[in-house]
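Novice: Next up is a structure, given as structure tokens.
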Amino acid sequence: MKKFIEKLLGKKKVNQSTIETAPLSEEQLGSVSERLVHYKPTQLLVGSAQSVGKQRDHNEDTLLAVNAVLSDGSTEITFGVFIVADGMGGHQNGEIASGKAARVMADYLLSKLYPTLLGLRFDDDNDSLQEIMEAGVNRAQQAVLSKAPGGGTTLTAALVIGDQVTISQVGDSRVYFLYPDGRIQVMTHDHSLVRRLVELGQISEKEASSHPQRNVLYRAVGQSEPFRPDINTHVLPNPGYMLLCSDGLWGVVPEIEMLRVVKAAANPTEACHQLVELANSAGGPDNISVVLVQRLD
Amino acid sequence: MDRYLVQEVIGLGGMGAVYRARDLHFPNVIRLVAVKEMINQAADPILRQTIIQNFEREANILVTLSHPSITKILDFFTYEERSYLVLEYINGKDLEALLNTTQGFFPEDQVIAWAIELCDVLNYLHTHKPEPIIFRDMKPSNVMINQQNHVILVDFGIAKIFKVGQKGTMIGTEGYSPPEQYRGEASPMADIYALGATLHHILTRRDPRVEPPFTFAERPIRQINPAVSIELETVINTALQYNPKDRFQSVQAMKDALLVVARKTGALSRVALRTGPLAHEQTIKPLWTFKCEDEIRSSPVCDGNAVYVGAYDHNVYAVNSTNGEFLWKYPTEGGIVSRPTVSDGIIYFGSEDRRLYALMAKSGRLSWVYDTEGPIRSSPRAFEGHILIGSDDGFLHAVNLLSTRVSWKLDAGKAIRSSPAVSGDMIFFGNEDGDLLSCDLRGQIRWRFRAKRAITSSPLVARGIVYVTSMDGTFYAVDAKSGWAIWRFRMGKASVSSPCIADNYLFAGSADGNIYCIEATNAKEIWRFKTDHQVSGSPIIYQDALYCGSADGNFYCLEYKTGRLRWKFSTGGAITGTPFVSNDIIYIGSSDHILYALLP
């Protein structure tokens, strides 16, 4: 808890020596004072970008973003569904798998949540958000098994309602939280076999990077064995960003670079575009998908 | 192809289907066989040919095997891009199907009997000449239990030959294989680990494939299934060691160990690796005690050098916090079951005589009193010059401290015994109708969340989420802003215990006798601690320990990260209140009429 709070608040590093600083330009002042503006209703600014990369001949990634806001005198709801799915497997089943999984998941979340969100229908026996997320992943699993047999996909979904975001995770696509003070935190756990072996001390980091099974996931949508997704609820960074991406980005672009690009970009779309460019200029070994969500409040 | 008449599909694997078929070679009898189909997906003709050769080589080895626990291979052939194995048809169910179609734990004796047979067949394979055969794929779905209740290994992993090397990310389901298998090592010790994993799964009913790999040690068998003997757990734990050299060095050795367990000679207990958490029961002596005239079902509060507590004898007492000396008492006309609040030298509390009292904390003299229409069992909360309190009259009352009159009342529709929580500009409380309500500081309802039964416990608000337990036996996490349920956690029985939080862990008691610890972000159970009666009081966390009373009369101190018992202190009656800590001293009341001051 203490660590968490420290992380949250940022350990203050005070530079003891007095250093003369140049006066801030109008633009710089603008970016600082901008934080003082209070946006009402609270809303999400969303960008996304995708690229096949430089070494693959077709795209097996799927990204999906739904962003909504409802505000009247008594209600204020911020709502968003963000998904990244990274397909795998031959015979084009990879792209079918990721596409199916993302669509089915989004369809389930929206059909389950929208009517209640809009206040049109109320169900006394409402499932909790985490149960709805899990049911959504199960639907995606069924869809992939029947529509893309042999194919598989990662499925990372973030559901924003109000101040909270509920994240479901299968595979090794990731969700990051980025804070303006320079912290970047990965909020998901990769379901990677080699990662797990490293954690257990069975192999070294070096062995991991050349391990023949470094691409093996121990959990993926489409696998024949049963599984449960990881589902967690967190407070959405405020101020700050949430970034979803496939391994085509995080496996290539260092976190510190991601943070730099996001902070410097004019808007989330621009940031996503630049991140994809960075991954491609580093070789672009895989498909790249990025969704960036900024919370304005 | 003409020889086998396919009757139905009995299984679907990654590489193709398994059919039940009738062998037409015997026209006068019905002879059933299982036909396993494997599809050769390699595009490259040389690779295709290699796969077929490997298949035939492996099949030739399997044909030579003869053991009562191995399915006989009757035939094999390749037809275009498909290869087939014809096996003896087993009328039975595999262990995975058995797990899925039954409930409750398998008896230990049954599992030991299966385990010994599995050791026998693995031993047969491992001592095969000229080359030992490593099974490599021990898991419940590969173990059939036939009509005579004997085990039969069904899948010799021959299908793996047909797995074409894929580029990029792949799926590999784990669960039963040992870590070294991923270095490409296959030894008899790998089968021993997988057998341990299989036994772990069938004894605990916790599927390792839905857990992160190699985490059996985090799910101790006896913690999940206490009926399992420590001897059997020890054998399985030995088989599941990360390091192959720490496991049994042969299946024969494992079988011997199982036989010892079966005979229950107790020989294994001498080499027991772990005996489970043994509590270090320190003797805790109270610093002082103070006796009231009737039961204390309420919770004390300490402020400065006084402890205040209400009792069923209608009095509120003030006692010196360091030595337990009586300071003053104030009589009301009803029992006091809630916790007083102290603010600015005034102590506020409600009584079952329907009144909210304000007394001078120093002298116990009455400052003012406010009437509600029903008994008060909710504890007051101070906020912005007001006292908030719920009443059995169904209203939440906001009483102005300057005017001592009500500023607003909120009609909740049913008795409010839950104590309101204030966070930011929002107020949260439950009612006996099962509603969790949220209102603003002017008493305007923002949202209403419905549980199935009364919410008597008091909500906890942390990181924008309201946590509360209900009489419906569920622990809820509800978004503070919208009133959406984020997760639900089922406890064994109803709960009136108010949750508390430390790190990412939530704690609450239940009438099922347990104190639960669950993860705040995902409602996963971290541990539970069983007391001998209902836990209706609420836990608190102080430093690295959790303190909580139970209706069994004990006051427990647990390590909050593990749930391990540090000490317990017995009182003469049920404990239903919540402790209070101040200056390292813990105060708790009991139905034995006594207020205890404990120094851990």
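Chains A and B are the protein sequences, given in the same order. Reminder that position 85 of the first sequence reads as 85 in my numbering, one-by-one numbering, no gaps. With the second sequence counted from 1, adding 1000 to any position gets you my numbering. Heads up, the beta-carbon is just placed ideally off N, CA and C, and yes, glycines get one too.
(1) Out of curiosity, what's the CA-to-CA distance linking R295 of chain A and R1365 of chain B?
(2) Compare the beta carbon distance of V1301 of chain B and F1580 of chain B with 7 Å and say whether it is the shorter of the two.
(3) By the criterion of Cβ-Cβ separation under 7 Å, what are the contact partners of N280 of chain A in chain B?
(4) Taking the beta strand (DSSP E) that P1331 of chain B belongs to, which residues open and close that run?
(5) Name the chain A residues that come within less than 8 Å of V985 of chain B, Cβ to Cβ?
(6) Does the count of Cβ pairs from the region 124-135 of chain A and the region 1453-1463 of chain B closer than 8 Å reach three?
(7) Does T62 of chain A come within less than 7 Å of chain B when only Cβ atoms are used?
(8) Going along the chain, which unbroken runs of the alpha helix (DSSP H) with 4 or more residues stay wholly within the region 105-187 of chain A?
(9) Using only the alpha-carbon positions, how far apart do V1086 of chain B and Y1176 of chain B sit?
(10) Could you round the C-beta distance between I1526 of chain B and I1518 of chain B to whole angstroms and report it? I think they count as a contact, below 8 Å.
(11) In the structure shown, what three-state DSSP assignment does R1222 of chain B receive?
(12) Going by DSSP in three states, W1288 of chain B sits in which element: helix, strand or coil?
(13) Within the same chain, show all residues whose beta-carbon is closer than 8 Å to that of V216 of chain A, passing over the 5 residues directly before and after it, in chain order.
(14) Any beta-carbon of chain B closer than 7 Å to the one on V66 of chain A?
(15) Quickly, what does DSSP pair F1428 of chain B with across the bridge? List them, please.
(16) Can you tell me whether D1353 of chain B is helix, strand or coil according to DSSP?
(17) Which residue from B:A1097, B:N1100, B:I1052 and B:H1067 puts its Cα closest to that of E1080 of chain B?
(18) Can you check whether the C-beta of T1521 of chain B is within less than 7 Å of a C-beta belonging to chain A?
(19) Beta-carbon separation of L178 of chain A and V81 of chain A under 7 Å?
(20) Using a beta-carbon distance below 7 Å, is G991 of chain B in contact with chain A?
(21) Who pairs with F79 of chain A in a beta bridge, going by DSSP?
(22) Would you mind telling me which residues of chain B sit closer than 8 Å to D297 of chain A, beta carbon to beta carbon, in chain order?
(23) Tell me which same chain residues have a C-beta within less than 6 Å of the C-beta of N1225 of chain B, skipping the five on either side of it?
(24) Report all residues from its chain with a CB closer than 6 Å to the CB of L70 of chain A; omit the five preceding and five following residues, and keep chain order.
(25) Indicate whether the contact test is met: 3 or more Cβ pairs, each with one atom in the region 221-228 of chain A and one in the region 89-103 of chain A, closer than 8 Å.
(26) Near S1458 of chain B, what residues of its chain come up, given a Cβ to Cβ distance below 6 Å and the 5 sequence neighbours on each side ignored?
(27) Check each candidate in B:R1082, B:L1012, B:T1050 and B:A1382 and name the one with the smallest Cα separation from M1038 of chain B.
(28) Within a Cβ cutoff of 6 Å, which residues of the same chain sit near T269 of chain A, ignoring the five residues on either side of it in sequence?
(29) So which residues of chain A does R1488 of chain B contact, with C-beta pairs closer than 9 Å?
(30) So if DSSP puts T1474 of chain B in a beta bridge, which residue, or which two residues, is it bridged to?
(31) Could you check where the alpha helix (DSSP H) with Q1053 of chain B kicks off and where it finishes?
(32) Drop a sphere of 10 angstroms on the beta-carbon of F1055 of chain B, count the other beta-carbons inside from all chains shown, and report buried for 16 or more, exposed for fewer.
(33) Identify the continuous alpha helix (DSSP H) that holds T1234 of chain B and give its terminal residues.
(34) Between the Cα of E257 of chain A and those of A:L275, A:G94 and A:A101, spot the shortest distance and give me the residue it belongs to.
(35) Under the three-state reduction of DSSP, which class applies to T269 of chain A: helix, strand or coil?
(36) Work out the CA separation of D230 of chain A and T166 of chain A for me, nearest whole Å.
Specialist: For this structure:
(1) Distance between the alpha carbons of R295 of chain A and R1365 of chain B is about 53 Å.
(2) Between V1301 of chain B and F1580 of chain B, the C-beta spacing is below 7 Å.
(3) Residues of chain B passing the Cβ test: none, with the nearest at roughly 17 Å.
(4) F1326 to P1331
(5) Absent from the model: residue 985 of chain B. The displayed extent of chain B is 1001 to 1600, so no value can be given.
(6) Per the Cβ contact rule, the region 124-135 of chain A is not in contact with the region 1453-1463 of chain B (fewer than 3 Cβ pairs under 8 Å).
(7) By this cut-off, T62 of chain A is not an interface position.
(8) 129-147
(9) 27 Å
(10) 6 Å
(11) helix
(12) Of the three classes helix, strand and coil, the one that applies to W1288 of chain B here is strand, per DSSP.
(13) Cβ neighbours of V216 of chain A beyond the five flanking positions: S192, L193 and V194.
(14) So no, V66 of chain A is outside the interface.
(15) B:A1421 and B:S1438
(16) coil
(17) For E1080 of chain B, the closest alpha carbon among the candidates B:A1097, B:N1100, B:I1052 and B:H1067 is that of B:I1052.
(18) Closer than 7 Å: yes.
(19) no
(20) With chain B running from 1001 to 1600 in the structure shown, residue 991 of chain B is simply not present.
(21) In the DSSP output, where bridge partners are listed per residue, F79 of chain A has A:A68 and A:I161.
(22) What D297 of chain A touches in chain B: nothing, since even the nearest Cβ is about 11 Å away.
(23) Contacts found: F1105, L1203 and T1204.
(24) I77
(25) yes
(26) S1418, S1419 and S1498
(27) For the residues B:R1082, B:L1012, B:T1050 and B:A1382, the minimum Cα distance to M1038 of chain B belongs to B:R1082.
(28) G47
(29) Under the 9 Å cutoff, chain A gives D127, S128, Q130 and E131.
(30) B:R1490
(31) Element bounds for Q1053 of chain B: P1045 to T1064.
(32) Buried, since its Cβ has 16 or more Cβ neighbours within 10 Å.
(33) I1230 to A1239
(34) A:L275
(35) The answer is helix: DSSP assigns T269 of chain A an H, G or I state.
(36) 10 Å
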